[in-house]
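Protein chains in written order, with my numbering: chain A, 39 to 140; chain B, 4 to 226; chain C, 2 to 412.
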Ligand code: SF4
Ligand code: SF4
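In C-alpha cells, the structure reads:
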C-alpha cells in the first residue's frame with residue numbers, strides 16, 4: 039500500500055490535535071496549575087483564558103477549571119508566562135520522576 | 004573480528020585529574036579494537052548527544068581508527084524533543100553516508116526514552132545497550148539478545164556540579180560507561196578529544212565525570 | 002582473528018571536521034578578501050565560522066552583512082570587478098534568489114567562488130538534502146564541482162579559486178547538506194604556506210578603477226559594433242560564445258589544477274569524475290556527491306554476488322566531461338544513473354547528460370535512471386543494489402528502453 043490514499047497533490051495538513059506528532063514527547067518540563075489562583079475558577083465565570091488563547095498547541099481547554107492535554111503539551115511554558123494570576127508553574131520532569139520512573 | 008592493540012600509552016599532559024590518570028594507566032593493557040562500530044545515541048535536545056557522538060569519533064580517530072564519522076540525525080532540533088546521533092568507527096575509511104540502521108552499540112542519555120521502541124530498534128545480537136540510569140541492567144527489564152550497561156551518570160554529574168542551565172550534562176560522563184562496556188577507545192584519546200572540544204576550565208570536571216562513571220558502570224552480558 | 006600491534010595501528014594526529022567547517026577552513030586558506038553571505042540552513046555555519054575568523058583577525062577580509070542572497074552575490078560581483086577575491090555561500094531558496102546574479106557573475110566573467118550546500122527546494126518546505134537547487138542553476142554559465150566527502154570540500158574550494166581565476170569563469174562548489182555539512186569526518190587541513198605556494202594572488206582581467214574609467218556591462222546589442230577608437234567589438238552573441246568556449250576549454254585547466262594540487266598535497270584531482278573499478282565493469286553505477294561513496298559500498302556488495310560492477314562518481318558537472326564519460330563507459334553494457342534531482346517532465350539531470358554524451362558514440366549500453374534521496378530521504382547501499390538487480394533483470398527480459406525514470410519511494 040503506497041501513500042496515494044491521502045489524496046493530496048501538495049503538502050498539506052489541517053489543524054488537528056496530534057497533527058504535529060506526539061509533541062508531549064518533547065517535554066522536559068510541564069505546567070502545573072494552581073486552580074485556586076486561576077481567575078475563571080475564582081470568579082466562577084468564563085474570563086481570562088489567556089493560557090487557552092496563547093498555547094501554541096491548543097491543548098488547554100476553555101473550561102472551568104481549565105484542563106491540559108498532557109499527551110500533546112510540549113512544555114514550552116508559554117501558558118505560565120502569560121498567566122496574569124501566576125497560577126501556572128513549570129516543573130521539571132526530572133524533579134518529578136527522579137529515579138527512572140515515568 | 005577483533006583487533007587487539009597491545010599497548011596504548013597514556014599521553015602526558017600538564018594538569019590532570021588523579022582518578023583519570025589511574026584509569027588511563029590501568030587501561031593500558033586491555034584495549035580491544037573491534038573492526039567496525041556503528042553507535043547510535045539517544046537523548047533529548049539540549050542534552051548533548053551530538054557532542055558525545057563527535058567526541059567519541061574524534062577520540063577513535065586519535066586512537067588509530069582510520070575511518071570515523073559523527074552525525075546528528077537529520078531534521079529539526081527542538082529542546083526537549085527526542086534526538087539521536089550516530090558515530091561510525093572503522094579501521095578503514097567509512098564509505099557509508101546513510102543513516103545507521105543496525106547499530107552494535109546504542110547509548111541512551113535519558114532513561115525516560117527507554118519506553119520508545121525505536122531506541123533499541125536494529126540493535127544487533129550481542130551488541131551493547133548503554134543507559135544512563137541508576138538501576139542495575141537486570142532491573143531495566145528489557146528483553147533482547149544484547150548486553151546492557153548502566154551507570155548513574157546523572158548522579159555523578161550532579162555531585163561534581165556538571166550542571167548547565169539547571170540541567171545535569173551527562174553527555175561526556177556516559178563516555179565512561181561506553182569505554183567500560185566496549186573498550187573501543189582508550190582514555191588517553193578521550194582526554195585529547197575532550198581537551199580539543201572544551202575550554203581549559205571545563206576539561207577537568209568532564210574528565211572526572213568520565214572516570215567516575217567508568218568506575219560505577221554495571222555490566223550485564225548475555226550468555 | 003587479526004592482531005595488530007601499535008606499530009600497525011598508525012596513530013593519526015589529525016582532527017575531524019564537518020563539511021561546513023571544512024569549507025570555512027578552505028576559504029580562509031584561500032585568503033579570500035571579500036565575503037558576503039546571508040544565512041540559510043544548512044549553510045549557516047559556513048558564514049558564521051567565517052565571520053568569527055574575520056572578527057578574531059585570523060582572516061584579513063571584509064565581511065559584508067547583506068539583507069539577501071541576491072545582494073550577497075551582487076556584492077561579490079562588484080568586489081570582484083574592483084579586483085578582490087570574493088566568496089559567498091548559500092543553499093536552496095538562497096541560491097534560487099541569487100539566480101539573476103549568477104548570470105551576471107558568469108556573463109561578466111568574474112571568478113567568484115560560491116559554496117552551495119545542497120538542499121531540497123520548496124514546496125513543500127524541507128531543509129534536508131538533495132541536489133535540485135544547484136542542478137536548477139546548471140545553465141547559468143558556472144563551473145559546477147560536486148564533492149563526496151569533507152576532504153574534497155576543502156581541497157575543491159582551494160582549487161576552485163585557481164580554476165576560476167585562470168579561466169575567468171565563476172565556480173560553484175557543491176556538497177550535500179547534513180550528509181556532509183553536518184557530519185564530522187577526518188579532514189587534513191593543508192598548511193597555509195603550502196596553499197600560498199599553490200594559489201597565487203588574484204589577477205583580475207579587468208579592474209574598475211576611477212583612474213582608468215571604464216563602462217562595464219553596458220547594453221550590448223545583437224550585432225558587433227565599432228567603438229570610439231574604431232575597434233570592432235563583440236556583440237552580445239560573441240560574448241556569449243566566449244563564455245561557452247571558456248567552459249568547453251576549462252576541462253584542461255580543471256585537470257591541470259587538480260594534478261598540481263596532488264603534487265603538492267598528495268591528493269590528486271586530475272580527473273573530471275572518480276572511477277571505481279571501471280576497468281572490467283560491465284555494469285556501471287553513476288552518482289554524484291556523497292551518494293558516489295555509498296555507491297561504492299553497493300558495488301562491493303554486487304561484486305560479492307558475482308557482478309562486475311564499477312562506479313563513476315561525477316565530480317565536475319559543468320563543463321560536462323562528455324569525451325571522458327564515453328571512454329570510461331566503453332566496456333559497460335548497463336549504466337544505472339542515480340539522481341538526487343529531476344528535470345520534471347523528463348528525467349534526472351545526470352542521466353540526461355550521460356545519455357547525451359553516449360549519443361553517436363560506440364557505447365551502446367542500456368541506461369537506467371532512478372530518482373532517489375529527494376528532500377533528505379535516506380539512500381542505503383542495499384537500495385542501490387536492489388535497483389541495479391532490478392535493472393539487470395528487466396534488461397534480461399528485453400526491456401531496453403524506459404521512457405521515464407523509476408523512483409525509489411513509497412508512492
Ligand atoms: S502553553 Fe506550552 S506548556 Fe502550556 S499547555 Fe500549551 S504546550 Fe503546554
Ligand atoms: S491564564 Fe492563568 S488565570 Fe487565566 S485561565 Fe489560564 S491559568 Fe487561569
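Glycine is no exception: its CB is placed at the ideal position from the N, C-alpha and C atoms.
(request) Specify, as a first and last residue, the run of the alpha helix (DSSP H) that residue 58 of chain A falls within. (result) Per DSSP, residue 58 of chain A belongs to no alpha helix (DSSP H) and is neither H nor E.
(message) Looking at residue 147 of chain C: is its Cβ nearer than 9 Å to the Cβ of residue 95 of chain C?
(response) no
(request) Check each residue's C-beta against every heavy atom of ligand 1 and list, in chain order, those closer than 6 Å. (result) A/69, A/93, A/95, A/97, A/98, A/106, A/111, A/112, A/113, A/114, A/115, A/116, A/117
(message) Considering Cα atoms alone, identify which of C/140, C/341, C/69, C/405 is closest to residue 244 of chain C.
(response) C/140
(message) If the criterion is Cβ atoms closer than 9 Å, does the pair residue 118 of chain A and residue 80 of chain A meet it?
(response) no
(message) Please report the straight-line C-alpha distance between residue 289 of chain C and residue 208 of chain B, rounded to a whole angstrom.
(response) 45 Å
(request) Compute every distance between the C-beta of residue 79 of chain A and the non-hydrogen atoms of ligand 2, then say whether any falls below 8 Å. (result) yes
(request) Show which residues of chain B have a CB atom less than 9 Å away from the CB atom of residue 270 of chain C. (result) Correct list: empty, because the minimum Cβ distance to chain B is about 17 Å.
(message) At a threshold of 8 Å, does residue 129 of chain A count as lining ligand 2 (C-beta to nearest heavy atom)?
(response) no
(request) Within 10 angstroms of the Cβ of residue 155 of chain B, are there 16 or more other Cβ atoms? Answer buried if so, exposed if not. (result) buried
(message) Tell me which residue opens and which closes the alpha helix (DSSP H) that residue 160 of chain B is part of.
(response) 156-163
(message) I believe residue 378 of chain C touches residue 410 of chain C by the beta-carbon criterion, under 8 Å. Please report the beta-carbon distance rounded to the nearest angstrom.
(response) 7 Å
(request) Run down chain B in chain order and give the residues with a C-beta less than 9 Å from the C-beta of residue 90 of chain A. (result) The contacting residues do not exist; residue 90 of chain A stays about 22 Å from chain B at best.
(message) Counting only Cβ-Cβ distances shorter than 7 Å, please list the residues of the region 57-80 of chain A near chain B, keeping chain order.
(response) 63, 64, 65, 66
(message) Please return the same chain residues whose Cβ sits closer than 8 Å to the Cβ of residue 71 of chain B, not counting the five positions on each side in sequence.
(response) 60, 61, 63, 64, 90, 91, 92, 93, 97
(message) If you reduce the DSSP assignment to three classes, tell me which class residue 59 of chain C lands in.
(response) coil
(request) Closer than 8 Å by C-beta to residue 71 of chain C: which residues in its own chain qualify, once you throw out the five before and the five after it? Chain order, please. (result) 98, 99, 101, 102
(message) Under 8 Å, with one C-beta from each stretch per pair, do the region 126-145 of chain C and the region 186-196 of chain C reach the 3-pair mark?
(response) no
(request) Report the neighbours of residue 64 of chain B on chain C: residues whose CB is nearer than 8 Å to its CB, in chain order. (result) 13, 15, 16, 17, 187
(request) Determine whether the Cβ of residue 154 of chain C lies closer than 9 Å to any Cβ atom of chain A. (result) no
(request) Name the residue from C/152, C/250, C/221 whose alpha carbon lies nearest to the alpha carbon of residue 169 of chain C. (result) C/250
(message) Just to confirm before moving on: does the CB-CB distance between residue 119 of chain C and residue 177 of chain C stay below 9 Å?
(response) yes
(request) Taking 9 Å as the cut-off, decide whether the C-beta atoms of residue 20 of chain C and residue 137 of chain C are in contact. (result) no
(message) Here's the rule: buried if 16 or more other CB atoms are within 10 angstroms of the residue's CB, otherwise exposed. What is residue 145 of chain C?
(response) buried
(request) Taking 8 Å as the threshold, find out whether the region 88-104 of chain A comes into contact with the region 143-154 of chain B through three or more Cβ pairs. (result) no
(request) May I ask you to report which of helix, strand or coil DSSP gives residue 316 of chain C? (result) coil
(request) Kindly identify the DSSP beta-bridge partner or partners of residue 305 of chain C. (result) DSSP output for residue 305 of chain C lists no bridge partner at all.
(request) Compute the beta-carbon to beta-carbon distance between residue 271 of chain C and residue 260 of chain C, rounded to the nearest angstrom, for a pair I have assumed lies under 8 Å. (result) 4 Å
(request) With DSSP as the reference, label residue 87 of chain A as helix, strand or coil. (result) coil
(request) Could you tell me whether any non-hydrogen atom of ligand 2 is closer than 8 Å to the CB of residue 160 of chain B? (result) no
(message) If I measure Cβ to Cβ from residue 304 of chain C and keep anything under 7 Å in the same chain, skipping five residues before and after, which residues do I get?
(response) 310
(request) Answer yes or no: the CB of residue 23 of chain C versus the heavy atoms of ligand 2, is any distance below 8 Å? (result) no
(request) Just grab the DSSP bridge partners of residue 213 of chain C for me. (result) C/210
(request) Report yes if the C-beta distance between residue 108 of chain C and residue 203 of chain C is below 9 Å; otherwise report no. (result) no
(request) Could you name the residues of the same chain whose beta carbon sits closer than 7 Å to that of residue 48 of chain C, not counting the 5 residues immediately before and after it, in chain order? (result) 38, 40, 90
(message) Can you determine whether any heavy atom of ligand 2 sits closer than 8 Å to the C-beta of residue 121 of chain A, and answer yes or no?
(response) yes
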